[in-house]
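Enquirer: Following UniProt numbering, the numbering of the sequence shown begins with 1 at its first residue and continues without gaps. Have a look at this one before I ask anything.
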Amino acid sequence: MNYGESASIQCSVISGDFPMTIDWLYEGRAISTIDSLHGITALAFGKRAKALSIDGIAGSHAGNYTCRATNAAGVVEHTEQLIVNVSPKISLINTGENPTFVEEFFQIICTVVHGDLPVDFVWLFNGEVNLHSKHVPGVRIETKKRGSTLSIEAVRGAHAGNYSCQATNEAATTIATVELIVKGDTPGEYKDLRSNDSSIRVEEGSLFIQNIQKSNEGYYLCEAINGIGSGLSAVTLITVQAPPEFVEKLRNQTARRGEPSVLQCEAKGEKPIGILWNMNNIRLDPKSDNRYTIREEILPNGVTSSLSIKRTERSDSALFTCMATNAFGSDDTSINMIIQEVPEMPYALKVLDKSGRTVQLSWAKPYDGNSPLKRYIIEFKRSRGSWENDIDRVIVPGDTNEAQVQKLSPATTYNIRIVAENEIGVSDPSDVVTIITAEEAPSGKPQAIKVEAINQATLRVSWKAPPRAEWNGDILGYYVGYKQTSLNTLYVYETVNYSPEGGEGKEHSLEINNLKTYTQYSIVIQAFNKVGAGPMSDEEKQYTAEGTPDQPPSDTMCTTLTSQTIRVSWVSPPLESANGVIKGYKVVYAPSDLWNNDKNKDYKKTASSDTVLHGLKKYTNYTMQVLATTSGGDGVRSAPIHCQTEQDVPEAPTAVKALVMSEGSIFVSWQPPAQPNGLILQYTVYIKSGDQEPKSFKVPSYQINYEASGLEKNQKYEFWVTASTTIGEGQSSKTLSAMPSDKVPAKIASFDDKFTATFKEDAKLPCLAVGSPAPEITWKIKGVEFVPNERIRQLPEGSLFIKDVIRQDAGDYTCTAENSIAKDSITHRLIVLAPPQSPQLTLTATTTDSLSVKLKPHESDTAPLQGYTLHYKPEFGEWETIDVALEAPKYTIEKLYCGSRYQVYATAYNSIGAGEPSDILNTRTKGSKPLLPEKSRFIEVSSNSITLHLPAWKDGGCRMSHFVVEHKKKDQIDWNQISNNVKPGGNFVVLDLEPATWYNLRVTAHNNAGFTVAEYEFATLTITGGTIAPTRDIPELTAEDTIRIILSNLNLPGTIYPPWIPHWIDLNVMVPLIATVIVVAVGVLVICVAISRRRDDDPRCGPKDVYLVSVFCGE
């Protein structure tokens, strides 16, 4: 760069974390610490750039400039070199007198006192002739590194003219010129004196000069010519003795404060010349101030006086007068000395107006330092920042004293100051003004929004606050809006109060409940402060978790294929009812008579819409249901369908007995096949004797014994039995041998067996016996000898008959047959199918809208349960019931009132019927009535209105339903209702209030758990925005004080009591007496209410007494 030019360079940081500082360094030192560098300004442009500008480049500015960026992660630097090309500055000195007389020595010294090397010198004569290339007699030139000298040993008239020294380097070319005036030349070189000046005339050979001046000085040639000869001539030298003279009478000179300066005056005239200096017309004596030094230099044609000031001060701005005196007179010249300095700091900085993002400032113009103000620089920063690293600037023209600072952040504390700048430099900063910009609605969106499915009806939304710089105030909470993505409806909003715990980076969250299963929802979030709500976040979409299909497969059908296979087919449920992606199907099947016991059910999974069930029981009626499955679980089962497998040949009878009845007969008995595989049409009894072909005898299906008669005594016979269906004859039972005999031991033909009896129905336990002599039959019940009673009796053939079976009849029954030969017994087990006993009900969890319970059957229940029924009701509501499947012993009762009391009991049921109820469970859902807010956060007062910040209320865990707002003047009795249905969220403004007036405010907040009443006292502001003095509180009176006042007012002086009023009435007696009566009455009332609340009528038999509790809360 060239000397005197302006330069600027900008340093931009492309990437990096904040906070970040950017600094400029010169030769490794911070520029702000180097006092010798003038005209350098560093300005920040945003947070990532900082520019360096230099006004008027000087040689001292040359060097290396480094931009250094620093943050917590590290430091990065970049260096640029500034090369300054300095043009030559010439000092041209004439060592002799000018004018110069003929034959005198003349010398000019041309010196480059400032500028870059190398320098080329060229001497010109009259601006055209290059004395280096064209030789001029008598002229000699000598050139060195920084200077060149032109010398003329003996001046001639031809030497008169302009001599120019031209110095050239890489920066520029500079020329300085000196005029040589030659006097006293030879006659041939004289000029004719023909002056138009009236002061010069020639009369009869004499030269007259009137009012002679120094310019008339010189050689005058007088010639006399008459035409004969060469003529005569004479030369006369006229020397003019004149008083001192200053060529320039008044001039301005400037200097920078604190720097040295020299004032010079040159007086021409006859020597000796005396020089005196005045300052503002007062004699300047250097002895009185050592900053001043006067030096004089005698010149050929006069005197030069120099007044040196070592260090200029502001007081040196004055009129300096140089007075010259010689023997012939005096003269003076004046120098208007102007001391220039940086301006003083601006003052009276004040705020005229402000908003959320701008502030209007004014200030008073400071002393400009004798240099016009170029500009003002308004510097501002956030209160937590530093003036070194976090400053921003606004540049204002120097001719104004008002400006607006823009692009501020709302609700932010700023420090503001101002500096003035002129050509000399920058002033000190003004006093700092601190302001807080007005709040605005947040300008930033909530960040890091995540939405995840908790279950089929709940989404959890989490987010973080907007960047702190975009809060524009204190965030009071958030509006979380949600809607079904597929529907073009408005968002439903829920309010989440802001919690400062955890800091600005804390994650906030909300669970949105009661959503549709496997449905995509769109969620947006807005932050709000007391001014309003900010921009909505970008829409986030998420599905709720997959649920279970709420409709079963349709058109379910079954087809019997064989005795052990059934084909089942169905149609998939409607897509809109799937609540997810159908992954497959389950077929639930079991024999119909075992269907109510889940342990007997089998499941088959398939991905297709039909399947074949294998390995089924033969000739068995099966019940089947089909359900669809998703990731959420099993869906609703279809209605049961029934199919029966085909018949097959039966299995063998399970047990066979061959008992001797007499010497010619055998009694054969058996039990039916365990798997008849069809309808038993008949039994076939086979009898074989020796090697003979067996004989067969057909027995009806209802008969399970056969008497083989006509047999031979002492002959061994073999017996076996088969069963037959329509398909054919089944397998043979095991073969038994028996031999007719006249000795018949006691034997029981019946078999040990299990019998199942239904509660309150009759039962018969068989005991068929043989023997000779006839055996005696006896029974034991649970090991105790049977004693006949009106309900249980023994039949003649030996069977035991039980009328109206009860639970206690269940157990083992033993029948014994005994004669003189032998003894035999069998044992039956009787199972009583009765309704279940009371199940065990346990509370496992509670939420704001649900209760979770665990069900467990009674440990003594023998009959398989089919399910449970839950009974529940709110404290003042009606009973409701829910059926709970047996396979889901844990159940959640949903959609309950928040923060409410509930009663719950359960019953179990089986194929017989519903059982006994469990104990009543008294519990309540979570949540409470609304919680009171702080007055400072809830009420914002102005002159004619108040703003109620409804989000300041805490809902106690139960969503707010509405508010009722009332107010009255403090001295009034009746309340004015403003609204009885103010919706939660946002702000509510109460208008039309009178300024500077005390009011009472009553707000009733409602949710499902109840309501809370809050009363506040406030005063509106004055019209000018001021506050008024608090009212004087009147102490509260006790009941005794009130009664005393009333009675004292009745007992007026001079009052004559009626004769029926006793004379013992006295205030000192009556007041305590009446107060005691009131306290006792209130106590009795409280006890009555408590007793009424403790009444505990059986909720299963009817509703309890209903009572209402009102809650009043206030400040």
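In this text, a Cβ means the ideal position worked out from N, Cα and C, and glycines have one as well. This one's a predicted model, so the numbers in the text were calculated from it and none came from an experiment.
(1) DSSP state of Ser696, grouped into three classes?
(2) Go ahead and pull the three-state DSSP assignment for Asn290.
(3) Measuring only the C-alpha atoms, how far is Leu250 from Cys322?
(4) According to the neighbour-count rule (16 or more other Cβ atoms, all chains shown, within 10 Å of its Cβ), is Arg384 buried or exposed?
(5) Any chance the stretch 815 to 828 sits against the stretch 898 to 911, with 3 or more Cβ pairs inside 8 Å?
(6) Taking three-plus beta-carbon pairs below 8 Å as touching, is the stretch 457 to 469 in contact with the stretch 551 to 560?
(7) Where do the N-terminal and C-terminal ends of the beta strand (DSSP E) with Lys483 fall, by residue?
(8) With a Cβ-Cβ cutoff of 8 Å, do Val531 and Asn422 count as a contact?
(9) So, using beta-carbon positions, are Pro864 and Asn596 closer together than 8 Å?
(10) I'd like the list of long-range same chain contacts for Ala763, defined as Cβ closer than 6 Å, with 5 residues on each side in sequence excluded.
(11) For the beta strand (DSSP E) containing residue 1121, name the first residue and the last one.
(12) Mind listing, in chain order, the continuous beta strand (DSSP E) runs of no fewer than 3 residues lying wholly within the stretch 194 to 260?
(13) Touching or not, the stretch 952 to 959 and the stretch 932 to 942, by the rule of three or more beta carbon pairs under 8 Å?
(14) How many Å lie between Glu379 and Gly927 at the Cα?
(15) May I have the straight-line CA-CA distance separating Pro1059 from Thr1076, to the nearest angstrom?
(16) CA-CA distance, Val1079 and His967?
(17) Would you call the CB atoms of Thr654 and Pro640 closer than 8 Å?
(18) Can you say whether Thr1055 is buried or exposed, counting buried as having 16 or more other CB atoms within 10 angstroms of its CB?
(19) Specify the secondary structure class of Gly188 as computed by DSSP and reduced to three states.
(20) Name the DSSP beta bridge partners of Lys145, please?
(21) What are the uninterrupted segments assigned as alpha helix (DSSP H) that are 4 or more residues long and contained completely in the UniProt domain "Fibronectin type-III" (932 to 1027), given in chain order?
(22) When DSSP builds the beta bridges, which residues end up paired with Arg393?
(23) What's the C-alpha gap between Ile912 and Ser838?
(24) Report buried or exposed for Ser317, applying the criterion of at least 16 other Cβ atoms within 10 angstroms of its Cβ.
(25) On the three-state DSSP scale, how would you describe Asn126?
(26) Under a three-way DSSP split, which group does Glu887 fall into?
(27) Assuming Ala69 is part of the beta strand (DSSP E), what are its boundary residues?
(28) Return the chain-ordered list of same chain residues with a C-beta closer than 8 Å to the C-beta of Met1, the five sequence neighbours on each side being excluded.
(29) Can you check DSSP and say which residues form a bridge with His642?
(30) Assign Glu440 to buried or exposed, taking buried as 16 or more other Cβ atoms, counted over all protein chains shown, within 10 Å of its Cβ.
(31) In terms of alpha-carbon separation, which member of Glu546, Glu916, Ala324 and Trp670 lies closest to Gln456?
(32) On the premise that Thr485 lies in contact with Tyr521, defined as a C-beta separation below 8 Å, what is that separation, rounded to the nearest angstrom?
(33) Going by DSSP, what residues sit across from Cys11 in a beta bridge?
(34) Tell me the DSSP secondary structure of Ile1087 in three-state form.
(35) Please tell me whether Glu423 has its Cβ less than 8 Å away from any Cβ of chain D.
(36) Going by beta carbon distance, what residues of the same chain come within less than 7 Å of Ile727, once the five residues before and after it are set aside?
Expert: Walking through what the data contain:
(1) strand
(2) coil
(3) 10 Å
(4) exposed
(5) no
(6) No, the stretch 457 to 469 does not touch the stretch 551 to 560.
(7) Gly477 to Gln484
(8) Against a cut-off of 8 Å, the Cβ pair of Asn422 and Val531 comes out as no contact.
(9) yes
(10) Taken in chain order, the residues that qualify are Ala757, Ile802 and Val805.
(11) Limits of the chain in this structure are 1 at one end and 1115 at the other, which puts residue 1121 out of reach.
(12) 200 to 203, 206 to 209, 218 to 224, 232 to 238 and 250 to 256
(13) yes
(14) Rounded to the nearest angstrom, the two C-alpha atoms are 53 Å apart.
(15) Residue confidence for Pro1059 is low, a pLDDT of 48 falling below 50, so the modelled location carries little weight and cannot support an answer.
(16) Here the alpha carbons of His967 and Val1079 stand approximately 33 Å from one another.
(17) no
(18) Note that Thr1055 has pLDDT 41, beneath the 50 cutoff, so the model's placement of it is unreliable and the number below is only indicative. Flag for Thr1055 reads exposed.
(19) Annotation note: pLDDT 45 at Gly188 (below 50); position unreliable, no value reported.
(20) None, per the DSSP bridge assignment.
(21) 935 to 938
(22) Answer by DSSP bridge pairing, in chain order: Glu379.
(23) 15 Å
(24) By the C-beta density criterion, Ser317 is buried, having at least 16 other C-beta atoms within 10 angstroms.
(25) coil
(26) coil
(27) Ala69: member of the beta strand (DSSP E) spanning Gly63 to Asn71, first to last residue.
(28) Ala7, Ile57, Leu82, Ile83, Val84 and Asn85
(29) Thr623
(30) buried
(31) Glu546
(32) 6 Å
(33) Lys50
(34) helix
(35) No chain D is part of this structure, which consists of one protein chain only.
(36) Listed in chain order, the non-local C-beta contacts of Ile727 below 7 Å within the same chain comprise Gln647, Asp648, Val649 and Gly678, local neighbours out to five positions each way being set aside.
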